[in-house]
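What follows is a single structure, written as structure tokens, with notes after it.
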């Protein structure tokens, strides 16, 4: 669900639109979504506001399955410099995790696994501090090698 | 025991509302309360809110739900169980006189 080509670090983005677009492009490039999906993710924020900024520094843009999702997917973009989404509580945003669902329930397990990983104590801080693909995966992929917990 | 009816509301009813449900169910275990959490998108939330005691949502969407009879609780950090526990505790406990 989170292949390395869906993770980018040190991404330069001038504003929230560029940040969401960067995550959308990762999904477009691997054929997980159509370009229309990136546009739809931008439209959701324009219409509903920055409710996708779910925690300090973290945005989770997404749109409807019918907006161009070809397969369930996640993409993570860690920004070089954080940007504001207009969320008084949680700006500025450093990490953008875009997801695409193919129906209203098919993505649930993957999203629950992602959220579960982010709810672990210290996970959000570790994600904000991550500067490499490996560091991102270490936070977000809950299946860790046995014995690696102490590392 | 009272069963609290909770509606978790987000833009599409498929992403962040599911995360709210995960946290609300965890918080309910911590608090020892009984909850029934349903998901809604902001467009249909008003209709679905009729039977709800509590609405959980983002601060960015809370303003659109203020006409609901249910208590609207904005959640700022979806990944922080403590915030959910504290807010659900305040909402479900009778006020005590210090």
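Residue numbers (this note's numbering), protein chains in the order written: chain A, 26 to 176; chain B, 6 to 103.
Glycine included, every Cβ here is placed at the ideal spot set by N, Cα and C.
- Query: So is residue 40 of chain A buried or exposed if we call it buried at 16+ other beta carbons inside 10 Å?
  - Reply: As a position in the first chain, residue 40 of chain A is number 15, starting the count at 1. Under this definition residue 40 of chain A is an exposed residue.
- Task: Check the C-beta distance from residue 107 of chain A over to residue 82 of chain A and give it rounded, since I have them as a contact under 8 Å.
- Result: Counting from one through the first chain, the residue named residue 107 of chain A turns up at place 82. Counting from one through the first chain, the residue named residue 82 of chain A turns up at place 57. Contact flag correct, Cβ pair sits at about 7 Å.
- With 8 Å as the C-beta to C-beta threshold (strictly closer), list the residues of the region 67-93 of chain B near chain A in chain order. 81, 82, 83, 84, 85, 86
- Query: Between which two residues does the beta strand (DSSP E) containing residue 107 of chain A stretch?
  - Reply: The sequence position of residue 107 of chain A within the first chain is 82, counting from 1. Per DSSP, residue 107 of chain A belongs to the beta strand (DSSP E) from 98-108.
- Item | Where residue 4 of chain B sits in the DSSP three-state scheme | Since the first residue of chain B shown is 6 and the last is 103, residue 4 of chain B is not available in this structure.
- Item | Spatially closest choice to residue 146 of chain A from A:156, A:133, A:165, by CA coordinates | One-based indexing of the first chain puts residue 146 of chain A at position 121. Among A:156, A:133, A:165, the Cα nearest to that of residue 146 of chain A belongs to A:165.
- Three-state secondary structure assigned by DSSP to residue 77 of chain A: To locate residue 77 of chain A, count along the first chain from 1; it is residue 52. The answer is coil: DSSP assigns residue 77 of chain A none of H, G, I, E or B.
- Could one say the Cβ of residue 114 of chain A lies closer than 9 Å to chain B's Cβ atoms, at least one of them? The residue you call residue 114 of chain A lines up with position 89 of the first chain. By this cut-off, residue 114 of chain A is an interface position.
- Message: If you follow the beta strand (DSSP E) that residue 165 of chain A is in, where does it begin and where does it stop?
- Response: In the first chain, counting from the first residue as 1, residue 165 of chain A sits at position 140. Element bounds for residue 165 of chain A: not the beta strand (DSSP E) but the alpha helix (DSSP H), 158-165.
- If you measure from the beta carbon of residue 27 of chain B to each beta carbon in chain A, is any gap under 9 Å? What you label residue 27 of chain B is simply residue 22 of the second chain in a count that begins at 1. So yes, residue 27 of chain B belongs to the interface.
- Of all the CB atoms in chain B, is at least one closer than 9 Å to the CB of residue 175 of chain A? Along the first chain, read from residue 1 onward, the residue named residue 175 of chain A stands at position 150. For residue 175 of chain A, the predicted model reports a pLDDT of 41, less than 50, meaning its position is unreliable and no value from the coordinates is stated.
- Pull up the DSSP beta-bridge partners for residue 47 of chain B, would you. Against the second chain, residue 47 of chain B aligns to sequence position 42. Answer by DSSP bridge pairing: none, since residue 47 of chain B is not bridged.
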